[in-house]
Each structure stands twice: as C-alpha cells, then as structure tokens.
DNA sequence: TGATTTACTTTAGGCGCTAAAATAAATACT
DNA sequence: AGTATTTATTTTAGCGCCTAAAGTAAATCA
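Residue numbers (my numbering), protein chains in the order written: chain A, 1 to 408; chain B, 409 to 816.
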C-alpha cells in the first residue's frame, strides 16, 4: 500500500492548509505551519502555489495593531469564489437546495414543496437536474467552478455506488442517482445520509471537539442516527448502519412503519406518539399518519402541562428511547450521545423516563463516562453538513482542476 | 498533523515488508515490491538494512526448479529468533502463557490453574511476574530480545492506560497492570480484550478477507463480542464497547450476572442455560453457578436428542441471541457475524430460533447482505491473536532496537 | 557457447522537507 | 530621526526517500 510518499506528502500538506483555512478563517503562514506541524518554509512554498492558482488570497494586515512588535503577520485566506458546492436535501415532501462557497459559507438557500412519494426515479432525476440547473445559472456566476454536489437523503444510501437504496421519502428503491448527475454537471456527486451530515456539523463544533466517538440521534417523523468513529461517519457494509430507529425495545411490541414490531421508532417517533394519542385526545386535525408540526406541538404541550395520558405516552417513548440508548452505550461506548431533530421539542417530556430506563438497563461500568445531551434543532443543519462534506471531498479535485486551468 | 513524510515513508515501507513476510512466509524482493506497491530498488535497499540488522535471512533458492528460466528468486524471510513475544490469557481460574517468535509461530504454550477470583491486584502482578520470568529463563534463550508482552483479559480493559477496568475473572477493579510489567521486563506491554484477540485471528483468515466490518460473538460462561471496523478492533471511549452480552433482549427480563435484567447473557450464556435447566433436569452435579464443560455438554445433548424442556431452553436462548444480533445488524451493518466460543457446542440447538428471531425483528433491507455463521472454537485462538497483535505493535520497537544494538 | 529471460543492484535524478541564513517590516528606544 | 529589536516570510543548502533506467547476475534454452 505504501504510496510514493514524496507525492502524497505535498498533497496532504496542501489539503491540510486548505482545511485549516476553511475551519479557522484567514491565518498567517507561520501559524499554518505550527497548526499542521510543518515548517513555515513549506507553508511559503505551498501558499505560493495556491496563490498562483487563485485558491487563496492575501489579506491586508488588520488595521488594529497586530500584537506588539515585529513584522506583522500576513494572513492568507481561501478565496470564496474559487469554487462552490451545492447541497440538496431530500426529505418527505420537501427538497432544499443550498449553495456554499469555497470558504464554506452558505451563499443561497431555497426550499421547494414536492410530493416526493409520487415521483419515479426518472422524475426525481429530472427534478434535481432542473433545480440544480436553475441554481447554477442564477447563483453560480461569480464562481470559478462547481466543485461538487452533495445529496443528503433520509434513508439508506450507498455512498460508494451513489445509489439510494431505500428512502422513506421515495416510493422506489435502488436508484443510482449520483452517476447521472455527475455526468450532467461534470463534477463529483456525493450521496450521504442526512443524519451523517448533521453529525458532521455537530462534531465540528468546538464544544464537542473532545468527542471522537459521537452518536447523534435524530428524533422526528422517523428516527435517525449517525455514529462518528474517530470523527468519521460509520457506514457499515451497505450503508445501513446506525439504524437506531429499528433496533428493538420489546419483542412483539408496538407496530412500526417498517412492518416489524417493537422498534424504538414505534414508540418514540412523531407518528408513534401521535398514533398513541390520537384515539383519546383532541388535537388539531390533519393527516394522522403524518402529523404536522402543529399537531405535534399541541401534543407536546399537553404532556408538559400535565395531561396524564400525554404524559404516559411520552414516558413510554422515553423509556423505549432509554432502552435503545442503553444498547447503543453497550455496543458503541461513545463519548457522547447527542439527541436532536425536530422531535427534541418533546424531549423534556421524555427525559426523566429515558434516564430511568438507562439506569435500569445498564450497570455503571457500561455507562462509562458517556454524556447524554440534547441539542437544539435547526432545519438548515443538514445542508450545512452536506456543504462541508462536499467541500472536503472535492478539495483534491479543485486543486488539480485549478492547476490545469491556470496552466492552460 | 502532516509528518515529515520523508522520515515516515521509509519506516512505513520497512514495516510493510516485515508484515508481508510474517503473513506470507519467505518472499522474493521483486514480489515484495509488487505486493506493497514499491519499486524493487527500494526493497533491495530496505532488505539490505534488515539483513544487516539480523531481522531477516536469505533462503537458499528452493531445490525444485523455480519456475522456468531466468535468474531464480532469492527468498528472504524473517529470522524467527530476532525477537519473541509472550501472550498471557487471563480467564476465570486459568492463566495461559504462550511464546511466539518473530515470524509469528507459536513456540511454547502452558496452562496454569489459578483461583483468579481470590487474587489481589498485587497477587496478580506477582503471579504474572513469576510466570513470565520462568518462561523467559526456560524458553527465551534462543531469542535476541523480548519484544513485547500481550495480556489478553476477559472484560473491560483500557488499552491506552494499560488498566484492567473490570474483569469477571478478578475481584478487584481498575488495576494498572501494564506499566509495572513494562518496567519489570523492559518491553512494551499491551492490554487487550480477549474477544478482540480472537477477532483479529479470525479476520486474518483468508476466508474472511472480504469482511472489513466483522462482528465476532463469543458464547461461553459469559458472552463476549468484538467489532472490527475496517479490520481494527473498535474499542469505544473507555474500552467497554461491544458489550453485546449486556445489550437487552427484554426489559424486565431474566436476571443477569451484572445485576440488571433482560441482558442477552441472561438467556444465552452457559450459566443462564444451566440455571434454567437445573431445576427440572438431571444433570451431572457440580458448581451450578459455574457449570462445567461436562455439565454443559450433557445439557446440549439433551436438547439435541429431543428433550422438550432442554429444547425450549435453547430455543429461548436462540431467540434472545437473534434479537441481540438483530440490534447489532441494525446498528453496525457488518459484512459478517461470526459466532464462536465454547458455547457454540449448543449453537445447533439455538440456530433455528435465532434465525426466526432475526427475521421477525428486521426487514430485509436492514439485514442487508450480512452473513451469519458459526465457527469452531479453539481455546488457543486467543493467544494466537495476542501474539499477532503484540508482534504487530512492537515491530517498530524491534526495528529501532536492532538498529542501535548492531551499531554499538 | 551464446542468446534469452528473469531477478537483483547500482546509478542518476527528482521531489519534498527542514534548518539556518537572509530579508522584510513592523515597534521600541534614545 | 535613526538605530536596535522583534517577529514574519523567503531563500538557500542539504538530506532522505523514491523511482526509472541502466547495469549485473544467474538461471534455462538451443
């Protein structure tokens, strides 16, 4: 496996510089050296090339005094216009498109209501092509190139083959979507699970920097999970790892949307909560199989205000969640379990039962030092993660690309 | 993080050569180049150094004609006497010591009956020191150096800190054992979970070469598991990952040795099977909390011969195992689940119920392409894995060490 | 015996890195 | 203002590793 390291070394160091600049904003050469463990002579050499390629620019030294005497630092930073990426989030009845620049900043975002379940695979492809084309002509004029597209999809996807294996938002299966889009737009197309995108964003936050093994559970209409092992999403053999929602609470338990019984999702997801409540409580009307945000908020309110039935429903959901988390702790022993998703709205009503269940299920040795926390939900997080992942994945291409275009 | 690759590159390539030789036996330089993706000029250079350090030897070309015309290959192979490692397996009431040579071959093995549960931490250390010393004087005379010691322990260990956090074989906890042995024997001391040792051996077998994500479940007095992710054992935050035995089958279920209820172990382990059977069946007498191999075989025989109660007990054990595996599949989506351990003796009696339970628990999409197989049990496997792990971990040291000794 | 084939070694040259020296651009001091 | 000091960046010199290609070695084939 040993590569001719003389080649890879320069590439590695160049990518490290680019990523440092993306994470930290403009940085001086000497600091880039210290951060990445390379000499400043090497940074000079690397940055000279990047400058010439138009991927970075020098910033005038900041007006306020730098920090004492000596030659002031010359900060270099990514040129946002060097490249851009598009992230498309595909969820039930909604498609979101976001454009991010080379520096990782969000440039544009748009939502479209689409009845995703009625689409055929060809429809979907046509739809995506159309939306991306529109965004390209309207938004991407200032950019030197479109580096990549990230498709963030709810469900099971194979990143390797670029195939959507199964998604609750789609009525078809095994759709090889990446290859066609890649051909159409001449750039890499990544296919990611939505939970992995969110977990990547969370893991990048300084508060969680010391958690290389991070589990993120997303509560919502269904239940998703992402497991980061040493900071990278664990995908499993077919990309169907981390299907927490369909791990079991109770053999022969409640019926799940997947058709089996006793899944955590059958107790803790929005549809499960609503199903349990709908028979007995008066709630805003609507599609009871796909409860609206309004309906769910009403139900959560009832529980928090002390309605006994609603409380019981949330307690049972919390207990199921707790037993599920206990299994996750026993099997993954992560540093941190983070609970988020639109369903965190009801987390306060579940929390006590959840903790009770975990204590009931696990001895202290197996709890280890794992923290369990919840985290506010932001619907844009998925695409922010997708943008970051797409940029990271395409840095090598961008580098190569700007080499050849400048040479020509 | 980028290291001065100019330095690491040579080290990487040298280690790759050593490991290729260990895996495949003597190999010609040109083939070492092809296997590891380096030029044969580099292999010549690397092997010249290793030869001079005494880590490898040239083999006379084999008597039977090589393969046609041309200069025959000169095979080079590891010198078994260049180093040795000791692996100590610590399990309930037994300590096994095995010596392996630099080429990875077992050189010596011995078992000792020890009432491990009555030992204090100091007793254990003294015992290990004594046994290792004895082995050193008797067995290690032909070796140039003792490269390392591997402690393979049942239970939760922290490899990083070299601390036995908890083991069913010991009555004390949090024993920092590695550091003291390292000081005493002047070599690296690795602490490993026994299941990880076994999984490493299995993963190295050609039959499982295409399974980078491998789960090994060990049935026995207790239930252990190891998860290999991309071929390396996943340890989790505190080394307590992969505690399959204490993942849950049933909230409020059968009482487990850990003190909680409903763990898989409380249904599927030897003690659980025996406990369920002891009241109603006539079985060889003995310690019913620690059933002997003989007792367990008798019970297995009853089930296989059609005794209805024994069959029911094994079926329930299989169902619990199946539900546990279903969770493992949902969460890890491995390429292969391998079931082994002394408890595989009863696997035939559990298998049907296990598969039924898995089908009942999971939709086909989540089963993916995961194979579930059992695998014959060999009590020496743990130490074979420990030897391999110890050699792998100490190759760098051995290299450095033989450099300095030869120079002096 | 010499041609051919295959394996191994030597040579020549490139790349990437670093340390150290040189240069640049500020502030501090007198 | 002019020089010393401090800090950042660039240039230089040199090292280690790698590869391709040329050279050498050791067989078989005819």
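Beta carbons: idealized from backbone N, C-alpha and C, even for Gly.
It should be emphasised that the depicted structure is a prediction, and the values quoted were computed from it without experimental measurement.
Give me the Cα-Cα distance between residue 492/B and residue 437/B, rounded to the nearest whole angstrom. 24 Å
Ranges of the alpha helix (DSSP H) found wholly within the segment 433-480 of chain B, counting only runs of at least 4: 437-444 and 448-461
Please classify residue 515/B as buried or exposed, where buried requires at least 16 neighbouring CB atoms within 10 angstroms. buried
Residue nearest to residue 802/B in terms of C-alpha spacing, selected from 769/B, 621/B and 508/B: 508/B
In chain B, which residues lie with their C-beta within 9 Å of the C-beta of residue 210/A? Within 9 Å Cβ-Cβ: nothing; residue 210/A doesn't reach chain B, min ~10 Å.
Does the distance from the C-beta atom of residue 670/B to that of residue 658/B stay below 7 Å? yes
Would you tell me roughly how many angstroms separate the C-alpha atoms of residue 412/B and residue 34/A, rounded to the nearest one? Summary for residue 412/B: the model assigns pLDDT 36, below 50, so the residue's position carries little reliability, and this model does not support an answer.
Residue-chain proximity (residue 773/B, chain A), Cβ-Cβ < 7 Å: At least one chain A Cβ lies under 7 Å of residue 773/B.
At the 7 Å Cβ level, is residue 321/A part of the contact set with chain B, yes or no? no
Do residue 323/A and residue 276/A have their C-beta atoms within less than 7 Å of each other? Cβ distance not < 7 Å, so residue 323/A and residue 276/A don't count as in contact.
Can you give the Cα-Cα distance for residue 396/A and residue 77/A, rounded to whole angstroms? 17 Å
Please check the pair residue 131/A and residue 95/A, which I expect to be a contact at CB under 8 Å, by giving their CB distance rounded to whole angstroms. Your pair residue 131/A and residue 95/A checks out as a contact, with CB atoms roughly 7 Å apart and the cut at 8 Å.
For residue 745/B versus residue 623/B, is the C-beta spacing smaller than 7 Å? yes
Would you give the residue range spanned by the beta strand (DSSP E) that residue 410/A belongs to? No answer is possible for residue 410/A: it lies beyond the span of chain A, which begins at 1 and ends at 408.
Quick one: which chain A residues come within Cβ less than 8 Å of residue 459/B? What residue 459/B touches in chain A: nothing, since even the nearest Cβ is about 20 Å away.
Quick one: any contact between the segment 142-152 of chain A and the segment 377-396 of chain A, if contact means 3 or more CB pairs under 8 Å? Because the criterion of three Cβ pairs below 8 Å is met, the segment 142-152 of chain A and the segment 377-396 of chain A touch.
Specify, as a first and last residue, the run of the alpha helix (DSSP H) that residue 329/A falls within. Its alpha helix (DSSP H) spans residues 308-332.
Given a cut-off of 7 Å, decide if residue 256/A and residue 243/A are closer than it, judged by their beta-carbon atoms. With contacts defined by Cβ atoms closer than 7 Å, residue 243/A and residue 256/A do not form a contacting pair.
Whose C-alpha, out of 350/A, 82/A, 327/A and 50/A, is nearest the C-alpha of residue 142/A? 82/A
With C-beta atoms as the reference, is residue 579/B less than 7 Å away from residue 573/B? no
Taking the straight line between their C-alpha atoms, what separation do you get for residue 375/A and residue 347/A? 10 Å
Which listed residue (278/A, 75/A, 112/A and 339/A) has its alpha carbon closest to that of residue 135/A: 112/A
For residue 601/B, the residue or residues it bridges with in DSSP: Answer by DSSP bridge pairing, in chain order: 561/B.
So that I know if they touch, is there some Cβ in chain B lying closer than 7 Å to that of residue 335/A? Put simply, the CB of residue 335/A is near chain B, with a gap under 7 Å to one of its CB atoms.
Residue 318/A CB to nearest chain B CB: under 7 Å? no
Residue burial classification, residue 688/B (beta-carbon count within 10 angstroms, cutoff 16): By the Cβ neighbour-count rule, residue 688/B is exposed, with fewer than 16 other Cβ atoms within 10 Å of its own.
Nearest neighbour of residue 282/A, chosen from 222/A, 400/A, 355/A and 302/A [CA to CA]: 302/A
Whole beta strand (DSSP E) runs in the segment 90-159 of chain A with 3 or more residues, listed along the chain? 94-101, 106-113, 146-153 and 156-158
Hey, how far is the Cα of residue 656/B from the Cα of residue 41/A? 57 Å
Name the residues in the segment 162-191 of chain A whose C-beta lies less than 9 Å from a C-beta of chain B; which are they? Hits within the stretch, in order: 165, 166 and 173.
Can you tell which of 737/B, 630/B and 642/B has its C-alpha closest to the C-alpha of residue 478/A? The shown model of chain A, from 1 to 408, leaves out residue 478/A, and the question about it has no answer.
Since residue 480/B meets chain A, which of its residues come closer than 9 Å, beta carbon to beta carbon? Within chain A, no residue comes near residue 480/B; the closest Cβ sits about 26 Å away, beyond 9 Å.
Distance check for residue 632/B and residue 294/A, CA to CA, integer angstroms please. 46 Å
Comparing alpha-carbon positions, which option in 417/B, 416/B, 541/B and 455/B lies nearest residue 434/B? 455/B
Please name the residues in the segment 620-649 of chain B whose beta-carbon is closer than 7 Å to at least one beta-carbon of chain A, in chain order. Taking 7 Å as the Cβ-Cβ cut-off against chain A, the residues of the segment 620-649 of chain B that qualify are 621, 637, 642, 644, 645, 646, 648 and 649.
Just verifying my parser: in three-state terms, what is the DSSP assignment at residue 226/A? When DSSP states are grouped into helix, strand and coil, residue 226/A belongs to the strand group.
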